[in-house]
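Heads up, the thing below is written out as structure tokens.
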Amino acid sequence: MRLLTGHARLAGVLGWPVSHSRSPRLHGHWLATLGIDGAYLPLPVHPDRFATAVRALADLGFRGANVTIPHKLAAFEVCDVVDATARRAGAVNTLVFRDGRIEGSNTDGYGFLESVKDQAPGWQPGAGPAVLLGAGGAARAIAAALIDAGCPRVTLVNRSRHKAEALAGDLGGPVAVADAPPLEDAALLVNTTSLGMVGHPPLEVDLAPLGAGAVVSDIVYVPLETPLLAAARARGLRAVDGLGMLLHQARPGFEAWFGAAPVVDAALREVVAADI
Ligand code: ATR
């Protein structure tokens, strides 16, 4: 067992509740395999105490923290400085305490793009239009990342059309809203809703209009192989699961806090997906 010294670097994940989070296992695996003198802790914090807790972590010498449900909007407010992606998303998932300041970023969209590049080699954001199902927080982060990376058009399709329209207005850029997914010329289809997750209804979408080169992605990762991904593979399309986004969004924070570049590989997937 690796023992901590007095120099140990500390980070963690703030959530309420936080017991479901896979991040301690994910960062713990990287700390162990890289032999780093550090620890990454689950930090359950009630929403009423969030800002106080963040400042206390900084005072305690933590290097930073991840932020998960329900704190991503409050995290944006508590930061002294945020990066451009976090500003576009209006939400922060990664905090770095540096030079007496609280710095915020949003790596969810980055994690999504890296995961698609990883699991569908050859795809890149400029490959063609993207269609996003849903208009919640995940859709916001993914759409922002796609636009920033040069995707020619992002179409939002959501049960509540007014939310998609509001999101399109916030995002700016080449964003459209539709009632039915325009799949004929889509290079990428992404499910950002909870449909298809264990305990939720399945997602009903006819993949027939998609071209042979299209990539289908799901942010749901319980189960890993959702009905949407299974349907895509059955048609010979490339499918990208939701676990990759979770793994890749963690990389920038780890690097900032612990000073080493971690890798997303089969061993990590196995550790994090062990009980899915
Ligand atoms: P997240 O932050 O993970 O994106 P969210 O903000 O709660 O979660 O967004 C959930 C998304 O899933 C929304 O787009 C929601 O549609 P509405 O805006 O109409 O609520 C979508 N969603 C959830 N359950 C759904 C269902 N049964 N059918 C269709 N869409 C659903």
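Going by the numbering used here, the residue at position 197 of the sequence shown is 1608; the numbering climbs one at a time, nothing skipped.
The C-beta atom is built at its ideal place from N, Cα and C for all residues, glycine as well.
A quick note: this is a predicted structure, and the numbers were derived from the prediction, not measured.
Quick one: is residue i buried, meaning 16 or more other Cβ sit within 10 Å of its Cβ, or exposed?
i, result
"G1426", "buried"
"P1592", "buried"
"S1629", "Strictly speaking, residue 1629 in this sequence is Asp, with Ser absent from that position. Classification of D1629: buried, given that the 10 Å Cβ count is 16 or more."
"T1603", "buried"
"I1553", "buried"
"E1525", "buried"
"L1414", "exposed"
"V1456", "buried"
"L1484", "exposed"
"P1428", "exposed"
"R1644", "exposed"
"S1571", "exposed"
"G1561", "exposed"
"R1474", "buried"
"D1652", "buried"
"T1637", "buried"
"P1532", "exposed"
In the DSSP output, which residue or residues are listed as bridge partners for residue i?
i, result
"G1449", "R1420"
"I1513", "F1508"
"N1602", "L1544 and D1629"
"L1639", "Per DSSP, none; premise fails for L1639."
"P1455", "G1426"
"V1683", "V1683 is not bridged to any residue."
"A1476", "G1423 and L1506"
"V1492", "E1514"
For residue i, which of the options has the nearest alpha-carbon?
i, options, result
"W1668", "E1488, E1514 and D1629", "E1514"
"D1529", "L1452, L1658 and V1503", "L1658"
"V1588", "V1627, P1540 and V1503", "P1540"
"L1582", "V1507, A1500, N1602 and V1429", "A1500"
"P1481", "P1458, A1552, A1462 and L1471", "P1458"
"G1624", "V1674, L1639 and D1596", "D1596"
"V1683", "F1487, P1435 and T1479", "P1435"
"D1686", "E1666, G1670 and P1634", "P1634"
"G1511", "L1471, L1621, V1478 and G1520", "L1471"
"T1479", "D1559, L1506 and L1618", "L1506"
"R1646", "F1665, P1620, L1654 and D1652", "P1620"
"R1466", "E1488, V1651, D1448 and V1675", "E1488"
"G1417", "H1438, I1447 and L1437", "I1447"
"V1493", "T1518, F1473 and R1474", "T1518"
"V1527", "L1544, G1545, N1504 and L1557", "L1557"
"P1453", "A1422, Q1660, G1522 and A1672", "A1422"
"N1504", "E1615, H1431 and S1516", "S1516"
"P1673", "S1432, V1542, T1444 and H1431", "T1444"
"A1678", "A1419, Q1660 and G1439", "G1439"
"A1464", "V1424, R1564, L1578 and P1613", "V1424"
"A1462", "A1486, Y1632, A1450 and Q1660", "A1486"
State the start and end residues of the unbroken alpha helix (DSSP H) segment that holds residue i.
i, result
"A1538", "Careful: A1538 lies outside any alpha helix (DSSP H) and carries neither H nor E."
"G1664", "R1662 to F1669"
"G1520", "D1519 to Q1530"
"A1577", "R1572 to L1582"
Which two residues bound the contiguous beta strand (DSSP E) that contains residue i?
i, result
"A1650", "R1649 to V1651"
"V1565", "V1565 to V1568"
"V1429", "Counting along the chain, V1429 falls outside any beta strand (DSSP E), and DSSP gives it neither H nor E."
"V1465", "Not the beta strand (DSSP E): V1465 falls in the alpha helix (DSSP H), residues F1461 to D1470."
"A1560", "Element bounds for A1560: n/a, residue is neither H nor E."
"A1597", "Where A1597 is concerned, there is no enclosing beta strand (DSSP E), given that its DSSP letter is neither H nor E."
"V1588", "V1586 to V1588"
Using only the heavy atoms of the ligand ATP, determine whether one of them is closer than 6 Å to the beta carbon of residue i.
i, result
"S1526", "This structure lacks the ligand ATP; its bound ligands are the ligand ATR."
| message | Strictly closer than 6 Å from CB to any heavy atom of the ligand ATR: give me those residues in the order they appear in the chain. | response | Cβ atoms closer than 6 Å to the ligand ATR belong to G1545, A1546, G1547, G1548, A1549, A1550, N1569, R1570, S1571, K1574, T1603, T1604, S1605, L1606 and P1612.
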